[in-house]
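Report on the following structure.
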Amino acid sequence: MGKPKVAFFDFSCCEGCQLQVANFGETLLDILGLIDVVMFREVMSEKSDVYDVAIVEGSITTTHDVERIKKIRATAKVLIAYGSCATIGGINGMKNNFDLEDIKQYVYKHDAKYFETIPTHPLHQIVKVDYFVHGCPVYQPEFVKVLKCALAGLSYVVPDYAVCVECRFNENVCMYDKGISCLGPITRAGCNSWCINNGNICYGCRGMVSNPAKNGQMDILKKHNISLDWVENKMNMYNKPRELDINEQKHKG
Amino acid sequence: MQQFVVLKKENFDAFISSLAQTEKVVAPVSRGYNNFSFQEVVSGKEISLKYIPTILPPKKYFLPTRETLTAYNKRENALNAILEYEKMVIFGVHTCDLAGIQCLNMVFADKPKDINYIIRKNKIAIIGLECNDYCDEYASCCVVENHLPNGGYDLFFTDLGDVFIVHINTLLGEEIVSKAAVFKPADAKTLKLLESLRQMKRSIFKDEVNVKHENLKILFDSAFESKVWEDLHKRCVACGNCTNVCPTCYCFDIIDEPNLDLNTGVRYRNWDSCQNEPFAKVAGNENFRKERSQRQRHRYMRKFKYPVDKYSRYFCTGCGRCSRTCMAKIKLKETINDLAKETK
């Protein structure tokens, strides 16, 4: 059996997560020993319609996108949603805060009539996703873990607990002790508290834990004198399309 | 063997510096914002002698957050044990954390023995450091009787102003003292000073909660159905800080991870926490402790009831870390008092 054929795709995104692969350094050589990259627009010219694993960056924002991702799903044996745009809608989800017509007018002005747009969707809201690599950008070691699982046929479970867990493991001084608010307590781990290790706060780019404690979180905000608007703005930066998941769950009852 | 020796404060730096030349020495170091952590030091000047409990307890050296246990090779059908350990001296361990290490020792020496833990523990020398006063309002060391030294160290330092009086507890401790050549035998006057300090401590340290030491267990025996857990449910955000900083929480998860060749790989363990959503989740998506109230209750029971049934010892050391670090400001002393109020 030959090496599995891997193709990279992008939808609405900055392609920065794919850049993370290009930036791997020596680990990339080990990875290339394992897979055969047949398409990767950012780093090579070759193209292919035949592939086993599709690594897809970006979110779905047009009807054309919907058709395209369905085709990719039909071809690939394994589909990996890669980066926050693909896994939770990410930055593009901010669009869902506004009326679609208004936002079109704002961006394209007189030419708005030439563009069609739909609310931002992460991939799993359109097609079945086998593996999720969260992050903006993705955390390289986690991507390697997921890739190994995908190739070995193992499942990868995204940690469903707060970034605080890994942040304590790394023995960082809590941002709240420094008088700085941080989305760590509500954001799911797996990034090894990458940002906080480097002196930054958590922006919530990996999406919320599955069962966030609404009342408890509100108490914390009150205690630290943080306004709800501020947090809503911060959370909406990455998490807006989550509403679509919740609506769907409600429909299912 | 002289049981007590004295180290002049002016020689403290020389002691640590010379010790650090032959051993890895870790000690409490300031991290700013009234946070401290155990870190490697090469001189006494780096050490914070007056510190509140560190972010993580010294547990991190005995049970690392991640530890490889075995390496496997599928093609050769081989599974090889791996031992990861490092020789070191931990300086400045408070009595609460000494108690924490004693608890871990009991658990990991229990059947089935955890060889990885035991081998690592035997490579670590422990130098205790006495608290002459409370560190802050979160501590509850007196009610669990950890405010005074109770063994679990090789050497134990007590600050007596110009000098440290040092109790030698083991052969290893004696070796460290004789090698350093800066310690002098303690005279009767210094021993008297130590005695009066301990006397003074008995008046400073008082039971921090409205329950007596021996009644804590009785309180928790009947606390399972308490309404207090519902209150914690509303406040807790399940960040897991309380258990991750606890000196006696030892739960871990075991994970197999293939290497990039997909043939070889490692099996490692890393810290897990009963506060994490998936901790009690099993196949079929059933979760035995889905509610945060159940998880908080479990954490408290694991300190004040279950280990007392099994090991006849409270597994709360009174260090106060869980209260200090809690995002939701859930305070252990308050919880105990609330439980006590309910039973009145």
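So the sequence lines, in the order shown, correspond to chains A and B.
Mapping the first sequence onto the numbering used here, position 82 (from 1) lands on 82, and the numbers just tick up by one.
Adding 1000 to a residue's 1-based position in the second sequence gives its number in the numbering used here.
Glycine included, C-beta positions come from ideal geometry on N, C-alpha and C.
Pick out whichever of the options has its Cα sitting closest to the Cα of residue i.
i: A/Phe-9; options: A/Glu-42, A/Val-209, A/Asn-197, A/Lys-178; result: A/Glu-42
i: A/Glu-166; options: A/Gly-190, A/Gly-16, A/Val-157, A/Val-146; result: A/Gly-190
i: B/Arg-1295; options: B/Ala-1280, B/Lys-1059, B/Tyr-1306; result: B/Ala-1280
i: B/Ile-1254; options: B/Asp-1013, B/Thr-1065, B/Leu-1056; result: B/Thr-1065
i: A/Asn-23; options: A/Val-6, A/Val-127, A/Gln-140; result: A/Gln-140
i: A/Arg-188; options: A/His-110, A/Gln-105, A/Val-158; result: A/Val-158
i: A/Phe-169; options: B/Thr-1095, B/Ile-1055, B/Val-1143; result: B/Ile-1055
i: A/Lys-113; options: A/Pro-119, A/Ile-103, A/Thr-120; result: A/Ile-103
i: A/Pro-241; options: A/Met-208, A/Asn-225, A/Leu-79, A/Glu-116; result: A/Met-208
i: B/Thr-1070; options: B/Leu-1332, B/His-1298, B/Pro-1258, B/Arg-1289; result: B/Pro-1258
i: B/Gln-1102; options: B/Cys-1316, B/Leu-1172, B/Tyr-1306; result: B/Cys-1316
i: A/Lys-214; options: B/Asp-1221, B/Val-1211, B/His-1233, B/Lys-1341; result: B/His-1233
i: A/Asn-197; options: A/Leu-28, A/Leu-221, A/Lys-234, A/Val-163; result: A/Val-163
i: B/Phe-1156; options: B/Ile-1126, B/Ala-1139, B/Ser-1140, B/Val-1163; result: B/Ile-1126
i: B/Leu-1339; options: B/Val-1266, B/Trp-1229, B/Phe-1252, B/Val-1282; result: B/Trp-1229
i: B/Ser-1048; options: B/Phe-1012, B/Cys-1251, B/Lys-1121; result: B/Phe-1012
i: B/Glu-1195; options: B/Tyr-1300, B/Thr-1158, B/Ala-1078; result: B/Thr-1158
i: B/Arg-1202; options: B/Ala-1186, B/Thr-1190, B/Tyr-1134, B/Leu-1019; result: B/Tyr-1134
i: B/Arg-1313; options: B/Tyr-1051, B/Val-1107, B/Phe-1164, B/Lys-1045; result: B/Val-1107
i: A/Cys-182; options: A/Lys-148, A/Tyr-156, A/Asn-211, A/Asn-233; result: A/Asn-233
i: A/Leu-79; options: A/Ile-246, A/Gln-217, A/Tyr-156; result: A/Tyr-156
i: B/Arg-1302; options: B/Gly-1128, B/Ala-1283, B/Asp-1221, B/Cys-1236; result: B/Asp-1221
i: B/Glu-1145; options: B/Ile-1115, B/Val-1211, B/Glu-1084; result: B/Val-1211
i: A/Val-138; options: A/Ile-69, A/Asn-225, A/Glu-15, A/Ser-45; result: A/Glu-15
i: A/Ile-180; options: B/Ala-1020, B/Ile-1336, B/Tyr-1033; result: B/Tyr-1033
i: B/Cys-1246; options: B/Tyr-1072, B/Pro-1057, B/Ala-1078; result: B/Pro-1057
i: B/Thr-1335; options: B/Lys-1305, B/Tyr-1306, B/Tyr-1300; result: B/Tyr-1300
i: A/Gly-25; options: A/Gly-153, A/Val-144, A/Ala-74, A/Ile-69; result: A/Val-144
i: B/Leu-1019; options: B/Gly-1265, B/Tyr-1268, B/Glu-1175; result: B/Glu-1175
i: B/Lys-1329; options: A/Ser-227, A/Lys-47, A/Met-218; result: A/Met-218
Tell me which residues share the same chain as residue i and place their Cβ nearer than 7 Å to its Cβ, disregarding the 5 neighbours each side in the sequence.
i: A/Leu-34; result: Lys-3, Leu-151
i: A/Asp-65; result: Phe-11
i: B/Lys-1206; result: Cys-1142
What's the call for residue i, buried or exposed, on a 16-neighbour Cβ count within 10 Å?
i: A/Arg-206; result: buried
i: B/Gly-1161; result: exposed
i: A/Cys-199; result: As written in the sequence, residue 199 of chain A is Gly, which differs from the Cys given in the question. Looking at its Cβ environment, which holds fewer than 16 other Cβ atoms inside 10 Å, A/Gly-199 is exposed.
i: B/Ala-1099; result: buried
i: A/Gly-184; result: buried
i: B/Thr-1095; result: buried
i: B/Arg-1075; result: exposed
i: B/Thr-1343; result: exposed
i: A/Glu-101; result: exposed
i: A/Asp-111; result: exposed
i: B/His-1167; result: buried
i: B/Asn-1080; result: exposed
i: B/Leu-1191; result: exposed
Looking only at its chain, what residues have a beta carbon closer than 8 Å to the beta carbon of residue i, apart from the 5 residues adjacent to it on each side?
i: A/Ala-81; result: Val-56, Thr-87, Pro-122, Leu-123, His-124, Val-129, Tyr-131, Phe-132, Val-133
i: B/Arg-1198; result: Leu-1148
i: A/Cys-13; result: Glu-57, Gly-58, Ser-59, Gly-83, Cys-85, Ala-86, Gly-90, Asn-92
i: B/Lys-1333; result: Tyr-1138, Ser-1140, Glu-1208, Val-1209, Ser-1323
i: B/Ser-1273; result: Gly-1240, Thr-1243, Asn-1244, Cys-1249, Cys-1251, Phe-1279
i: A/Asn-97; result: Asn-236, Lys-240
i: B/Lys-1060; result: Phe-1038
Along chain B, which residues have their Cβ under 7 Å away from the Cβ of residue i?
i: A/Pro-185; result: Val-1237, Cys-1239, Met-1327
i: A/Asp-177; result: Tyr-1033, Asn-1035
Name, please, each residue of chain A whose Cβ falls closer than 9 Å to the Cβ of residue i.
i: B/Pro-1258; result: Lys-148, Cys-149, Leu-151, Ala-152, Leu-154
i: B/Leu-1262; result: Leu-34, Lys-148, Leu-151, Ala-152
i: B/Leu-1056; result: Arg-168, Phe-169, Glu-171
i: B/Lys-1234; result: Ala-213, Asn-215, Gly-216, Asp-219
i: B/Val-1245; result: Arg-168
Applying a beta-carbon distance threshold of less than 8 Å, which residues of chain A neighbour residue i?
i: B/Thr-1065; result: Phe-169
i: B/Arg-1075; result: Within chain A, no residue comes near B/Arg-1075; the closest Cβ sits about 14 Å away, beyond 8 Å.
i: B/Ser-1273; result: Tyr-161, Val-165
Please go through the same chain and pick out, in chain order, the residues whose beta-carbon is closer than 6 Å to the beta-carbon of residue i, but skip the five residues on each side of it.
i: B/Pro-1053; result: Cys-1319, Arg-1321
i: B/Val-1089; result: Glu-1023, Val-1025, Ala-1125
i: B/Gln-1275; result: Ala-1238, Gly-1240, Thr-1243, Arg-1295
i: A/Val-146; result: Tyr-131, Val-133, Tyr-156
Just to make sure I have the definition right: I need the residues of chain B whose C-beta is within less than 8 Å of the C-beta of residue i. Which are they?
i: A/Ser-227; result: Near A/Ser-227 there are no residues of chain B at all, since even the closest Cβ is about 18 Å away, more than 8 Å.
i: A/Asp-30; result: Leu-1260
By the criterion of Cβ-Cβ separation under 9 Å, what are the contact partners of residue i in chain B?
i: A/Val-78; result: None at all; the shortest Cβ gap to chain B is about 14 Å.
i: A/Lys-222; result: Residues of chain B passing the Cβ test: none, with the nearest at roughly 11 Å.
Q) In the stretch 1024-1053 of chain B, which residues sit with their C-beta less than 7 Å from some C-beta in chain A, listed in chain order? A) Residues Arg-1031, Gly-1032, Tyr-1033, Asn-1035, Ser-1037.
Q: Give, in chain order, every residue of the stretch 1275-1295 of chain B whose Cβ lies closer than 7 Å to some Cβ of chain A.
A: Legend: CB atoms of the stretch 1275-1295 of chain B lying less than 7 Å from CB atoms of chain A belong to residues Asn-1276, Glu-1277, Pro-1278, Arg-1292.
Q: Identify each residue in the stretch 35-55 of chain A for which the Cβ-Cβ distance to at least one residue of chain B is less than 7 Å, and report them in chain order.
A: Here the close residues number zero.
Q: Please name the residues in the stretch 192-214 of chain A whose beta-carbon is closer than 9 Å to at least one beta-carbon of chain B, in chain order.
A: Along the stretch 192-214 of chain A, going in chain order, the ones with a CB nearer than 9 Å to a CB of chain B are Val-209, Ser-210, Asn-211, Pro-212, Ala-213.
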